[in-house]
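Following: one structure in structure tokens, then a few remarks.
In our numbering, the protein residues as written are 32 to 171.
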């Protein structure tokens, strides 16, 4: 097994809703769990949804990226282009309310990428993106 690149713990106020979102909608595999938390395999990374009753996440602020208002904090995942498109279709078909609809950023530039932002049921902001050329992930 490859060691995960990151471990992220996020608060949720409803584990059933988290299971429906992370497992059902996003298609992540559920790992260990208790009555208070659930581990998710997020493409080889460990995301843990911790039950925190009565607490809902919200953006502390917003930044501007390529003319879009981006919620901060957020966590994101870089996908392949086809995987991104498939996820975007699945989310749209499910009636997901996007913070930023799937769109192309930096068109024609080295860091050209598809991106989308959405909120989980607890209000945690998520970004998914895909680069035309993944080798340009950190291009200036």
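Yeah, the Cβ is synthetic: ideal placement off N, Cα and C, and Gly gets one too.
Pull up the CB-CB distance for residue i and residue j, whole angstroms please, since I reckon it's below 8 angstroms.
i	j	result
residue 80	residue 110	Going by Cβ atoms, the distance from residue 80 to residue 110 rounds to 20 angstroms, so no, they are not a contact pair.
residue 143	residue 163	4 angstroms
residue 97	residue 136	5 angstroms
Return the residue from the list the options that minimises the CA-CA distance to residue i.
i	options	result
residue 36	122, 108 and 84	108
residue 48	167, 170, 152 and 157	152
residue 95	104, 67 and 83	104
residue 83	138, 67, 76 and 97	67
residue 88	138, 154 and 50	154
Leaving out five residues on either side along the sequence, give the residues of the same chain with a beta carbon under 7 angstroms from the beta carbon of residue i.
i	result
residue 102	90, 93, 130, 148 and 156
residue 59	53, 71, 72 and 73
residue 85	44
Whole angstroms are fine: how far does the CA of residue j sit from the CA of residue i?
i	j	result
residue 113	residue 44	32 angstroms
residue 65	residue 159	28 angstroms
residue 170	residue 161	14 angstroms
residue 145	residue 168	12 angstroms
residue 75	residue 99	29 angstroms
residue 139	residue 165	14 angstroms
residue 69	residue 61	7 angstroms
residue 106	residue 123	20 angstroms
residue 141	residue 41	32 angstroms
Just mark residue i as buried or exposed, buried being the case when its beta carbon has 16 or more other beta carbons within 10 Å.
i	result
residue 133	buried
residue 118	buried
Within its chain, find whatever has a CB closer than 6 angstroms to the CB of residue i; leave out the 5 residues flanking it on each side and keep chain order.
i	result
residue 78	39 and 71
residue 121	none
Once you ignore the five residues that flank residue i on each side, which residues in its own chain have a CB closer than 8 angstroms to its CB?
i	result
residue 127	56 and 149
residue 51	152
residue 125	56
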